[in-house]
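Here numbering that gives the first Met the number 0 is used: the first residue of the sequence shown is 0, the next is one more, and so on.
For every residue, glycine included, the Cβ atom is placed at its ideal position computed from N, Cα and C.
Taking it in order: structure first as structure tokens, then the write-up.
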Amino acid sequence: MNVIEEFYYRQTAAVRETLLVMRDFILSRDPAITEHWKYNMPFFYFRGKMFCYLRINRQSGQPYLSMFDGKFIEHPLLQQESRKRMKILQIDPESDLPVEAISWILDRGLEIQRSRGNRGVPTR
0 MNVIEEFYYR QTAAVRETLL VMRDFILSRD PAITEHWKYN MPFFYFRGKM
50 FCYLRINRQS GQPYLSMFDG KFIEHPLLQQ ESRKRMKILQ IDPESDLPVE
100 AISWILDRGL EIQRSRGNRG VPTR
């Protein structure tokens, strides 16, 4: 088992199931999305650029999805808090996933990445 698989499988059953569904959902959005181990968490890249990552909140023990360029994505479920560039979507492993919201957020993130190219700041 590699380090990424170990991360998923050392979680509680509900969190592990949620994370694995999220992983498959992210990777299925576009064949150019790849998963890597970075900063002790599963990190997803789109065409070699940081896209999003999955993490566990240390206080609550609940997973969340963090969008790398989240500051450019407006959605009521995304939270910026004190982050400058990223926004997160907290996920309750005991509830159904907000599939439509996740799909919209990931698709918007991909649009931003595609529009950036090598220019830097994405268009809104």
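Query raised in the report: So what's serine 114 in DSSP terms, helix, strand or just coil?
Result: Here residue 114 refers to the residue found at position 115 when the sequence shown is read from its first residue. In this structure, serine 114 counts as helix in the three-state DSSP scheme.
Requested in this report: Using three-state DSSP, classify threonine 191 as helix, strand or coil.
Outcome: Look at the range of the chain in this structure, 0 to 123, and you will see that residue 191 is not part of it.
Query raised in the report: By how many angstroms is the C-alpha of isoleucine 101 removed from the C-alpha of valine 2?
Result: Locating residue 2 in the sequence shown gives position 3, where the first residue counts as 1. Locating residue 101 in the sequence shown gives position 102, where the first residue counts as 1. Taking the straight line from one Cα to the other gives about 25 Å.
Report task. Can you have a look at methionine 66 and say buried or exposed, based on whether 16 or more other CB atoms are within 10 angstroms of its CB? Result -> Translated into the one-based positions of the sequence shown, residue 66 becomes position 67. Buried, by the Cβ-count rule.
Requested in this report: Give the range of the alpha helix (DSSP H) segment to which isoleucine 72 is assigned.
Outcome: As a position in the sequence shown, residue 72 is number 73, starting the count at 1. It is not in any alpha helix (DSSP H) - isoleucine 72 carries neither H nor E in the DSSP assignment.
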